[in-house]
Amino acid sequence: MPELPEVETVVRGLREPLAGRTIIAAAYTWPRGLVTPDGPIFSARIAGQPVRSVDRRGKYILIRLDPDTLLIHLKMTGRLYVVPDDSVQDADRWVRFTFQLDNAHQLRFSDSRKFGRVYLVEDPSEVTGRLGPEPLDESFTLEEFRQQLVRRSGQIKPLLLNQAFLAGVGNIYADEALFASGLHPLRRVNTLSEDEIARLYAAIQAVLQDGIQSQGASINWYRKPDGSRGQAQDRFQVYGRANQPCFRCGQPVSKIVVGQRGTHFCPACQR
DNA sequence: CGGACAACCTGGCGGC
DNA sequence: TGCCGCCAGGTTGTCC
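Printed below as a string of structure tokens:
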């Protein structure tokens, strides 16, 4: 679920409930979800730190405290939301981390599959340092994309999923971007023309912006911080549409495995 | 460096 | 209904 548009939606939804708050305590029930620091240090260290801002880098959520930064990666099934202390409204069985706020509310990190990860560090670049560029950032230009692309080889789809190449694109938006640019997911990167690179660049930005506009895709686990569903899934052209007619040409959408990931594409429209 | 694959985990769903 | 196998949006490490 959570790729760039979903994480961005979560971040936007958390800014208001966390604004001006201080974390006064933290507790967790899944120790392996905490990467750093060690357990006893973590709870003691985070207590008393005020929230300064909530941001995103790739698929990481950065809650900038003072002096540390709390980073959370939702992985496949993570949810992050703020509710009153005594809230049991959603009977969420999968809450792994609870951050007590100073206004009788809690920031809760729920994660059924236990893939999510939590970090508390002085310098967030310790965690995000290896990430590639932000695809929606002004500094991510076509020229930079082209220069990075021509240094690579291999299949285009796995490259789009490589967070060190480009931060934030996951399996869904990779499939959608390749459809939008008319490129086959198995195309070798070094066979792309200038025109195709430009189409892909534009398509990546378009599908991500569209996803944010729709407040993320709630196919399965993803929910906005207020508990409601995003709408992006209603706009997908190929993802999750195996054997259904392509919206553009009517041919059935194919599903294959590329780099161990389910991959949807139109064999007629994508070359 | 590229690519294949296992591992980390649990829940949901289709099929029988 | 119940059980079983399969699949899942992410990332990392290992091996060839």
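Residue numbers for the first sequence follow my numbering, beginning at 7 and rising by one. No residue lacks a Cβ here, since even glycine has one placed at the ideal position from N, Cα and C. None of the values given here were measured: they were computed from a predicted structure.
- Task: Quick one: grab the DSSP three-state call for Ala-238.
- Result: helix
- Message: As a quick exercise: from Gly-222, Pro-139 and Tyr-207, pick the residue whose alpha carbon is nearest that of Arg-18.
- Response: Gly-222
- Message: Does the structure place the region 189-201 close enough to the region 168-179 that three or more beta carbon pairs sit under 8 angstroms?
- Response: no
- Inter-residue CB distance, Leu-76 and Leu-126 (contact presumed, cutoff 8 angstroms): 5 angstroms
- Task: Say whether the region 79-88 touches the region 153-162, bearing in mind that this needs 3 or more beta-carbon pairs closer than 8 angstroms, one atom from each stretch.
- Result: no
- Message: Is it the case that the region 15-35 contacts the region 88-108, given that we only count it when at least three CB pairs across the two stretches are under 8 angstroms?
- Response: yes
- Message: Going by C-alpha to C-alpha distance, which of Val-94, Arg-63, Tyr-34 and Ala-25 sits closest to Leu-10?
- Response: Arg-63
- Query: Leu-77 by DSSP, collapsed to three states: which one?
  - Reply: strand
- Message: If distances are taken between C-alpha atoms only, which option among Val-264, Ile-225 and Arg-247 comes closest to Pro-191?
- Response: Val-264
- Query: For Tyr-228, which residues of its own chain have a beta-carbon under 7 angstroms away from its beta-carbon, when the five flanking residues on both sides are left out?
  - Reply: Leaving aside the five residues that flank Tyr-228 on each side, the residues in its chain whose CB is nearer than 7 angstroms to its CB run, in chain order, Met-7, Pro-8, Glu-12, Gly-222 and Gly-236.
- Can you tell me whether Arg-5 is buried or exposed, with buried defined as 16 or more other CB within 10 angstroms of its CB? An answer regarding residue 5 cannot be provided, because it is not within the stretch 7 to 277 covered by the chain.
- Query: Mind checking whether Arg-27 and Asp-108 have CB atoms under 9 angstroms apart?
  - Reply: yes
- Query: Is it right to say Ala-180 is buried, meaning 16 or more other beta carbons lie within 10 angstroms of its own, or is it exposed?
  - Reply: buried
- Query: Are the Cβ atoms of Ala-25 and Thr-104 separated by less than 9 angstroms?
  - Reply: It is not a contact, given that the beta carbons lie outside the stated cut-off.
- Message: Taking the beta carbon of Ile-47 as the centre, do at least 16 other beta carbons fall within 10 Å, making it buried, or is it exposed?
- Response: Burial state of Ile-47 is exposed, judged by a 10 Å Cβ sphere holding fewer than 16 other Cβ atoms.
- Item | Beta carbon of Ser-93 nearer than 9 angstroms to that of Arg-102 | In terms of Cβ geometry, Ser-93 and Arg-102 do not form a close pair [threshold 9 angstroms].
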